[in-house]
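Some notes on the structure that comes next.
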Amino acid sequence: MEVLIRPDADDAARTVAGIVHQALAEGVRTLGLATGSAPVGVYRELARRHRHEGLGFAGVDAFLLDEYVGLPPAHPQSLAEVIRRELAEHVDLDPARLHLPSGTAPDLFAEARRFERCLTEAGPLGLQILGIGVNGHIGFNEPGSSLASRTRLKTLTDDTRRDNARFFGSIDDVPRHVITQGLATIGEASHLVLIATGPHKARAVAAAVEGPLTATCPASVLQLHPHATVVVDELAASRLEQQAYYRCIARHKPARHRY
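Taking the working numbering, I'd label the letters of the sequence shown as residues 2 to 260.
What follows is the structure, encoded as structure tokens:
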């Protein structure tokens, strides 16, 4: 696993945006999108690069990682609306190429299977952006999720709902269920790029990067991936035991991969 430690959250977001920019410049045409505070910083930087540096999304197919059950697409906190508001409306991404699971489908189990087929037909995503929850979840794969899981309906833990209440105003407004890509589905992307910032993510980052491979920390499944990059700020890196090693490796990366 490649670990890049940056001074602050803004620099971490610029680093991930640089990785995406490089991937698109090299011909990647399928992109996985996550939501959350840290990925939103990435999208704002990508929008800036589109405006000022010619970064283009024409011909790119983008796939959302997950969606709340019960929120209509236009709800301000639906993940579909967040990704439209923070990225799609600011770049030249074709709306028809933004692929979303529906949290209001009449048959949610069938909808999860449909979205899994959509991902399979697209082939392995070229790059998947990820955040991480304080309990180590990626997507909405809560602790205890099967490492072989596929896109499915999932119940959120109270910890996750409390953490996400900041977006809603009250935990009572946070949906209890989601449709999420599974850990095995996520792992099929060619390049996984996880961003985490802030001291509250430090324990989860350490468990994912340096802890045992375990369903207790779903993000630890990244340890199995042939091309996983973790970008953290100093605060999120504070519990990593091998910080000196990660910094040394980053200094000696080939120039082509110095994000």
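Positions of the beta carbon are idealized from the N, C-alpha and C atoms, including for glycine.
- T198 has its alpha-carbon roughly 5 angstroms from the corresponding atom of A237.
- Linking T186 to R52 through their CA atoms gives a straight-line distance of about 32 angstroms.
- Annotation: L80 to R45 spans about 16 angstroms, alpha carbon to alpha carbon.
- The region 117-135 makes no contact with the region 77-92: fewer than 3 CB pairs, one atom from each, lie closer than 8 angstroms.
- As the crow flies, the alpha-carbon of G183 is around 20 angstroms from that of G71.
- For E46, the secondary structure class from DSSP, reduced to helix, strand or coil, is helix.
- For I6, the enclosing beta strand (DSSP E) starts and ends at 3-7.
- Under DSSP, I196 shares a beta bridge with V232.
- Following the DSSP letters along the chain, one finds R153 inside the beta strand (DSSP E) bounded by residues 153-156.
- Judged by their CB atoms, L195 and L131 are nearer to each other than the 8 angstroms cut-off.
- Here P176 has Y69, V70, G71 as same chain residues with Cβ atoms under 6 angstroms from its own Cβ, once five neighbours each way along the sequence are excluded.
- Of the candidates F58, A111, R115, the residue whose Cα lies closest to the Cα of E90 is F58.
- The beta-bridge partner set that DSSP reports for I139 consists of N142.
- If one requires a minimum length of 3 residues, the beta strand (DSSP E) runs lying completely within the region 168-222 are 178-181, 193-197, in chain order.
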